[in-house]
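Colleague: Chains as they are written, first to last, in the working numbering: chain A, -6 to 329; chain B, 853 to 1138. Glycine included, each C-beta is placed from N, C-alpha and C at the ideal position. Owing to the predicted nature of the structure, the values given are computational and were not obtained by experimental measurement.
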Amino acid sequence: MERVKNPFLRFGIYVILIGWILYSIIPFGWTVLTSIKRPIDANARVPMILGFQATPNNYTELWLNEPLKDFAPFGIGLLALILVLIVVAVLSKNWQRVSRPAVAAAIVLVLVGALLLLPKLTNMAEFYGYFLNSIIVTVGTVVISISIGCLGGYGLARYTGILSVVILVAALAFRALPRMAFVLPYYFLGQMTGLYDTYLLLILTLVAVNQPFTLWMLRSFFMEVPREIEEAAMMDGAGRLQSFLRVIVPITWPGIITTGLFTLLLAYNEFLLARILTQSNWTLPVAIAQYTSGEDASHLTVAAAGSISITLPIIFVIIVFQKYLVKGLASGAVKG
Amino acid sequence: MSRRTFFAFVSPSVIIMLLLMVLPLVTAVWLGFNFITFKNLATPQWVGLDNYSEVLSDPEFWASLRFTVLYIVITVPLEILIGFFIALLLDQVTKFRGVFIAASLLPFIVTPVVGTLMFRNVFDRTGLYTYLLRILFDYKLTMNTETVPLLIMLHGIWYSTPFAMITLFAGLQSLPQEPVEAATVDGANLFQKIWYVVIPHLRSLFIFIALIGIMDAYRVFDSIYVLTKQNPLFKADTVMYYNFKMALSFGQLGKANAMSILTVIGIFVVLIPFLVITYRQQTEER
Chain A
-6 MERVKNPFLR FGIYVILIGW ILYSIIPFGW TVLTSIKRPI DANARVPMIL GFQATPNNYT
54 ELWLNEPLKD FAPFGIGLLA LILVLIVVAV LSKNWQRVSR PAVAAAIVLV LVGALLLLPK
114 LTNMAEFYGY FLNSIIVTVG TVVISISIGC LGGYGLARYT GILSVVILVA ALAFRALPRM
174 AFVLPYYFLG QMTGLYDTYL LLILTLVAVN QPFTLWMLRS FFMEVPREIE EAAMMDGAGR
234 LQSFLRVIVP ITWPGIITTG LFTLLLAYNE FLLARILTQS NWTLPVAIAQ YTSGEDASHL
294 TVAAAGSISI TLPIIFVIIV FQKYLVKGLA SGAVKG
Chain B
853 MSRRTFFAFV SPSVIIMLLL MVLPLVTAVW LGFNFITFKN LATPQWVGLD NYSEVLSDPE
913 FWASLRFTVL YIVITVPLEI LIGFFIALLL DQVTKFRGVF IAASLLPFIV TPVVGTLMFR
973 NVFDRTGLYT YLLRILFDYK LTMNTETVPL LIMLHGIWYS TPFAMITLFA GLQSLPQEPV
1033 EAATVDGANL FQKIWYVVIP HLRSLFIFIA LIGIMDAYRV FDSIYVLTKQ NPLFKADTVM
1093 YYNFKMALSF GQLGKANAMS ILTVIGIFVV LIPFLVITYR QQTEER
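1) In terms of residues, what are the limits of the alpha helix (DSSP H) holding residue 1074(B)?
2) When you check each C-beta in the region 895 to 926 of chain B against every C-beta of chain C, which residues fall closer than 7 Å?
3) Assuming contact is defined by CB atoms lying nearer than 9 Å, are residue 225(A) and residue 51(A) in contact in what I supplied?
4) Give the DSSP-derived three-state secondary structure of residue 41(A) in the structure shown.
5) Could you tell me whether any Cβ in chain B is nearer than 9 Å to the Cβ of residue 217(A)?
6) How about residue 1063(B) and residue 1126(B): do their beta carbons lie closer than 9 Å?
7) Between which two residues does the alpha helix (DSSP H) holding residue 1026(B) run?
8) Is it a yes or a no for the region 921 to 931 of chain B touching the region 1103 to 1118 of chain B, going by three-plus beta-carbon pairs under 8 Å?
9) Under the three-state reduction of DSSP, which class applies to residue 116(A): helix, strand or coil?
10) Could you compute how far the alpha carbon of residue 4(A) sits from the alpha carbon of residue 1035(B)?
11) The alpha helix (DSSP H) with residue 1046(B) in it runs from where to where?
12) Once DSSP output is grouped into helix, strand and coil, what is the label at residue 328(A)?
13) Should residue 327(A) go down as buried or exposed, given a rule of 16 or more other Cβ atoms within 10 Å for buried?
14) Excluding the 5 residues preceding and the 5 following residue 126(A) in the sequence, name in chain order all residues of the same chain whose CB lies nearer than 6 Å to its CB.
15) Identify the contact partners of residue 332(A) in chain B, using a Cβ-Cβ distance below 8 Å as the criterion.
16) Name the chain A residues whose beta carbon is nearer than 8 Å to that of residue 1116(B)?
17) Taking all protein chains shown into account, do 16 or more other C-beta atoms lie within 10 angstroms of the C-beta of residue 24(A), making it buried, or fewer, making it exposed?
18) Could you tell me if residue 17(A) is buried or exposed, where buried requires 16 or more neighbouring beta carbons within 10 angstroms of its beta carbon?
19) Please work out which residues of its chain come closer than 7 Å, Cβ to Cβ, to residue 245(A), disregarding the five sequence neighbours upstream and downstream, and give them in chain order.
20) Which value, in whole angstroms, describes the spacing of the CA atoms of residue 47(A) and residue 208(A)?
21) Contact between the region 111 to 122 of chain A and the region 222 to 242 of chain A is defined here as three or more beta-carbon pairs at a separation below 8 Å; is this criterion met?
22) Using the beta-carbon count (16 or more within 10 Å), is residue 1045(B) buried or exposed?
23) Hey, residue 968(B) and residue 1074(B) are a contact pair by Cβ (cut 8 Å); roughly how many whole angstroms apart?
24) Any beta carbon from chain A within less than 9 Å of residue 973(B)'s own beta carbon?
25) Could you give the distance in angstroms between the alpha-carbon of residue 1136(B) and the alpha-carbon of residue 910(B)?
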C-alpha cells in the first residue's frame, strides 16, 4: 500500500502504534517494578512507579535457600553474565566471518558452565531445580522433535503418493484436538507403565503433541528446495539419506532453526501436560502457577520475581531470533 | 521417492503419533465407558454409556460450553479486527518497525501462565490499571462473577492479537502494487482501497487466522486456571477447564474422559469442512 502523506495522519499513526505497544508491554513493565519492590511498597494503596526502595530480596528469596549477606558480588556476577550474553547475541548478528556454530557453541558453553557452577557457589532453592527441569525437558523435546520431524517432513515433501496427504490431514486433525483428550490417557498410561513423573514421559508426549505442527512447517520448507538439487547429489552416488543430510539440511537450515524455535517455545511454555504428568519434577510454568494463590504479603512480589525470571530467557530468544520468528509466523503454518 | 524410502523417512514420526496420539485417544474412549477414579486406576469398572449421559445432563457442562462459545464469539472477531488495524498502521511506518514488532510479539510469546499472572497484576487490588480506573473513572474494580469473565476475554484478546497482526502484516507485504495503483487511478479513497482490494487479497489469511483462533479459544485453559484459581465461584469455566476440574478436583476420571471425547466430537463438527478442503488442495498440488 502507498504511504499516507498528511503529516497529521502520520502523527496519529505513530500515536496509535505507541499506544498499542504500551498496551502490550505495560503488564511486563509493571511486573518488573513489582519484582524489585518490598512487599509493603507493592501493596501500597497508591501504586508507586517511582520513589520506592528497590530491593533484590524477591529474587534471592526465590532462587536461594539462605539469604545472602552481601548481594553485591553475586548480583554483579549475574548482571555481567546477562550482559555478556546480550553482547554476544547482538554482535553475532554483525559477525560475518565468525561461523554461527562457533557463536552458538560459545553461548551454550557459557550457559552450561554457569548452570553447573551456581549450585557449587551457593545454596540454590527449589526454583533452581524447576529451572533445570524446564531446560532438560525443553532441550530434549527440541532435539527429538526436530530430528524425527526433519526426516518425516522431508519424506512428506518428496513422496507423491496419496498416503502422504492422508498423514498430513490426519496430523492437522490431531493438531486441533483439545489437550485434555490426550492428557488424561497419558496420565493413565503413565501410571500403568511406571513412567509417570519422569522426564521421558513428558518429553515424549511433548514431542507427540508438537509433531503435527513440526511436520507441516518443516515440510513447507523442504518443498521450497528444487528436486534437482538432491537428484544431482544422488547422481554422484550419494544415498537418499546421505544426500538429505549433506545437501538438503544445510540449505534449509534457517527453516529448521525457525521450526526449532517454535518447538522450544511450545515446550518451555507448556503448562497442562507438565501439571498433570509430574509430581515432583515440576517445570517452571507449573511452579509459578503455585504462586497464584499465596496468602502472605510477599507472595505478590516473589511471584513477580518468578515471572520475570521465566520471561528473561524468552526475551533473549526474541532479541536473537526475531528474524526467524517473524519468518515462521509469516509462513502461516505456525502455532502448536 | 519410492514407497519404501518414504516409509523409512516418516516412520519415526508416524510411530510416535500412533503411540502417543491414536493410542491415547482410543484409551480415552475406553476410559469414558468406565467408572474410574484415582483410587481404582488399575481396576476400572465398566458402566457403558452412563458417563456420557451424566455429562450431557450436567448443567455445569452446558454452562461451561456456553461460556466457551461466548469467549470464541467475542475474542476471535476482535482479535482479527484489531490485528488488521494495527497491521495496516504498521505497514505505513518504516522507522522502528523492528521495535514495534518485537514489543508486540511479547504477549504472544511469553509463557501463557506467566503472561496471565502479569496481566492479572495490573488489574489486581494494588495494580496499576485498578488505580487508573479508580482515579480516572471513579470505578472500583473488584474480582467478581461479572468482572472475571470480562478479564478472561480481555486477556484472550491481549494474548492472541499479536499473532493475527504479524500474519496479516506479512500478508500486506506480499500485496501486489498494480491493483492498488489501478484503484488509485479510478479515484478510490483509502477505505475503498482497503475494502475492495486489500481485504479480498488477504481473504485466505483471514480464514486461516479465524480457524486457528477458534481452535485455540475452544481449548483455552492456562489463563482460566490463573484468573479463577483464587475463587472457584467466579463461574468462568470453559469446557477445557471444567474437564480438568472434573478429573483433578473431583477425581472423576471416567466422566472426564467422556467429556473429552464429547469435546473432540464438538470441534470436529466445526473442522470437517476445513479438513476436506485441505485434503482436496493437497491432492491437487502433489
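Modeller: With the structure as the only source:
1) 1074 to 1080
2) In summary, chain C is missing from the structure at hand, where the protein chains are A and B.
3) Annotated as distal: residue 225(A) and residue 51(A), with beta-carbon spacing of 9 Å or more.
4) coil
5) no
6) Yes, they are a contact pair.
7) Note, residue 1026(B): premise wrong, no alpha helix (DSSP H); not H, not E.
8) no
9) coil
10) 25 Å
11) For residue 1046(B), no alpha helix (DSSP H) encloses it, and the DSSP letter there is neither H nor E.
12) The pLDDT assigned to residue 328(A) is 41, lower than 50, so where the model puts this residue is not dependable, and the model offers no usable value.
13) Caution is warranted here: a pLDDT of 43 is assigned to residue 327(A), below 50, making its placement in the model unreliable, and the coordinate value is therefore given only provisionally. Its Cβ being crowded by 16 or more others within 10 Å, residue 327(A) is buried.
14) 274, 276
15) In the structure as shown, chain A begins at -6 and stops at 329. Residue 332(A) is therefore absent and cannot be evaluated.
16) 170, 171, 174
17) Counting Cβ neighbours within 10 Å, residue 24(A) comes out buried, since at least 16 surround it.
18) buried
19) 214, 215, 218
20) 47 Å
21) no
22) Under this definition residue 1045(B) is a buried residue.
23) 6 Å
24) yes
25) 45 Å
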